[in-house]
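In full-length UniProt numbering, the protein residues as written are 1 to 638.
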């Protein structure tokens, strides 16, 4: 042991303080899950050592039998979870146990309401791992030494959850980590041998590392520096879990409860998964995948930079967490395990990046998830609707990212519709096509800033009159989605706010003839309005898409849409000023009044007003709203 013992006191990160406060006030009704979290962490530490020892065999320190042990001390009222895994250095223990290394944590804690039931669900999505120890303990002591380091490089971490922790140099002969829980008086049930065995059987059967407890007698007792304080009495260490990796077992031998507990082990989620797919493939490729769809979205779902991916195993050996190479970003919510025989044990993230096997496995895993969602949508529509509510906007990123699966992804999308007054996104593209009237060969849609703006847009007037359904979109991702989704099932997507309206066979010959006659008769008016507005508009023309509104503006067929312009500007990108086409409704009283006015100031004012009204409805704002108000007031007094 070092001559100078160094002890330091550190303050917790603000978010950790908030988390510890929740733990201390027993936020969870199911307290026993703390043991699942701590045993899971210990098993991960063993997996990480096994992988690292592939290239550094001396890390085993002549002890290659990896395990997790539970040690009860009735006199001291402590429960210890001990592993002989990778261990931690002084720097690592400060970093790992003093901070929460997750982006967006401050925003996440801002969502907490004080309502324990609601907060419990939120915190479960966040995942707490080690800090769950404070659900049952009023003090936690951690002893650790990193594998390969000398005994005097051990470190002790200790805290009573009051906002700070101490770190002390110690001598620790054995590698790995001991988490010592000083149990509250009210939590003495967790010193009962049979209680702990039942919890391990419930939560930890599926992990591949042996979990051991002392059978009969008393195990050897040691102090902080590893000195024996009490000799072992007759007895032995007994494995209390099956220690068989769940994904290696036959699907027929695994219960739903076991699948759910394994999901919680790998995801640190507190809720059951929504669904899962377990597949073993043999032949040109040999791999097993167990992929889960969560029931609730994690708080950082929309941070595309946040780590995601699968737990990667090669020939049953753990390689890495969050192997994002096997799951596209639009499926970043998927949790699971991939175990393959087709990659080398020394594979790295860099090798995975450009590996042919990786590309094949990514394609196969993506297909598995999409097929799982298709099956859910077909057989359990209410369950799928729950999935869509949580993850729909992420799935919308798919057509841009995964061209080869674009049609399949499109079939999973859900939209609101002009047929309903609700903003519920329940309409599939297959539903829409099935309801299309005879003669319709296009899928019509509109993007806007909000459901209300989309639902009340004047561009929908002729569609409602003719009973033609329009898909309503208002999420930020929708414009991006539609720029990469040109057709579905052979039907072209058409924005009702771009280009000239052509309803094809949905308009009869008599209507088309009347439209041509009106266009010819009002040609002089259109020229006058264009002259009055000058360069403010690209063109002025008649419209037949309006029934109760005098005017609207539309983008050219190949121009950028209003929503795309807003999206790009909000992202800080420069967008050239775009001129719109002004369309006038020949049947509206204001347009007819405009036709009666002579060229001059009043005609110009009315032309400008019709343009600004249309811009306001389309864009949600004007460059000079004060001028618009003054113009309205002047015309009201005429």
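A virtual CB, placed ideally from N, CA and C, is assigned to each residue, including glycine.
Residue range 356–379 is occupied by the alpha helix (DSSP H) that includes residue 376. DSSP lists 290 as the beta-bridge partner residues of residue 278. By the neighbour-count criterion, in which 16 or more other beta carbons inside 10 Å mark a residue as buried, residue 586 falls on the buried side. Here the segment 534–554 lies against the segment 491–505, with 3 or more beta-carbon pairs under 8 Å apart. The shortest CA-to-CA distance from residue 210 to any of 539, 462, 32, 43 is the one to 43.
With fewer than three CB-CB distances shorter than 8 Å, the segment 454–473 does not count as touching the segment 522–532. Relative to the Cα of residue 616, the nearest Cα in the group 600, 456, 512, 473 belongs to 456. Put simply, of 411, 317, 409, 426 the residue whose alpha carbon is nearest the alpha carbon of residue 417 is 426. By the Cβ criterion, the segment 370–387 is in contact with the segment 273–280, since at least three pairs of Cβ atoms, one from each stretch, lie closer than 8 Å. Excluding sequence positions up to five before and after residue 309, its CB lies within less than 6 Å of the CB of 322, 323, 324, 327, all in the same chain and listed in chain order. Note on geometry: alpha-carbon atoms of residue 8 and residue 165 lie some 8 Å from one another.
Judged by pairs of C-beta atoms under 8 Å, the segment 152–159 touches the segment 84–92, as three or more such pairs exist. Distance from the CA atom of residue 441 to the CA atom of residue 398, rounded to whole angstroms, is 25 Å.
Here DSSP, grouped into helix, strand and coil, assigns residue 444 to strand.
One alpha carbon belongs to residue 135, the other to residue 436, and they sit about 57 Å apart. Nearest in C-alpha terms to residue 419, of all of 396, 374, 465, 402, is 465. Within the model, the alpha-carbon separation for residue 472 versus residue 479 is close to 11 Å. Within 10 angstroms of the beta-carbon of residue 335 lie 16 or more other beta-carbons, which makes it buried. In this chain, the alpha helix (DSSP H) harbouring residue 596 covers 589–596. Shortest Cα-Cα distance from residue 606 to any of 591, 30, 618, 619 involves 591.
With a cutoff of 9 Å on beta-carbon distance, residue 282 and residue 340 are scored as not near each other. For secondary structure counted as the beta strand (DSSP E) over 3 or more consecutive residues, the segment 47–84 holds these complete runs in sequence order: 67–73, 78–83. Taking a cut-off of 8 Å for Cβ pairs, the segment 195–203 and the segment 168–184 do not touch, as fewer than three such pairs fall below it. Taking C-beta atoms under 8 Å as the contact rule, residue 394 and residue 333 qualify, at a distance of about 6 Å. For residue 434, the uninterrupted alpha helix (DSSP H) run begins and ends at 429–435, by DSSP. Residue 409 is not a Cβ neighbour of residue 491, given a cutoff of 9 Å.
Close CB contacts of residue 402 within its chain, under the 6 Å cut and outside five residues either way in sequence, are with 328 (chain order). Sixteen is the threshold: when 16 or more other Cβ atoms of the shown chains lie within 10 Å of the Cβ of residue 613, as they do, the residue is buried.
In the three-state reduction of the DSSP assignment, residue 313 falls in the strand class, which pools E and B. Remark: C-beta atoms of residue 72 and residue 193 approach each other more closely than 9 Å. Taking residue 485 as the centre and dropping the five residues before and after it, the same chain places the C-beta of 399, 406, 410, 493 closer than 8 Å to its C-beta, in chain order. Taking C-beta atoms as the reference points, residue 396 and residue 475 count as a pair closer than 9 Å. Distance from the Cα of residue 378 is smallest, within the candidate group 412, 355, 365, 353, for 412. Counting along the chain, residue 607 sits inside the alpha helix (DSSP H) bounded by residues 601–619. Contact check between the segment 559–566 and the segment 574–584: three or more CB pairs, one atom from each, fall below 8 Å, which counts as touching. Cβ-Cβ distances below 6 Å link residue 54 to 345 in the same chain, with the five nearest sequence neighbours on each side left out; the list follows chain order.
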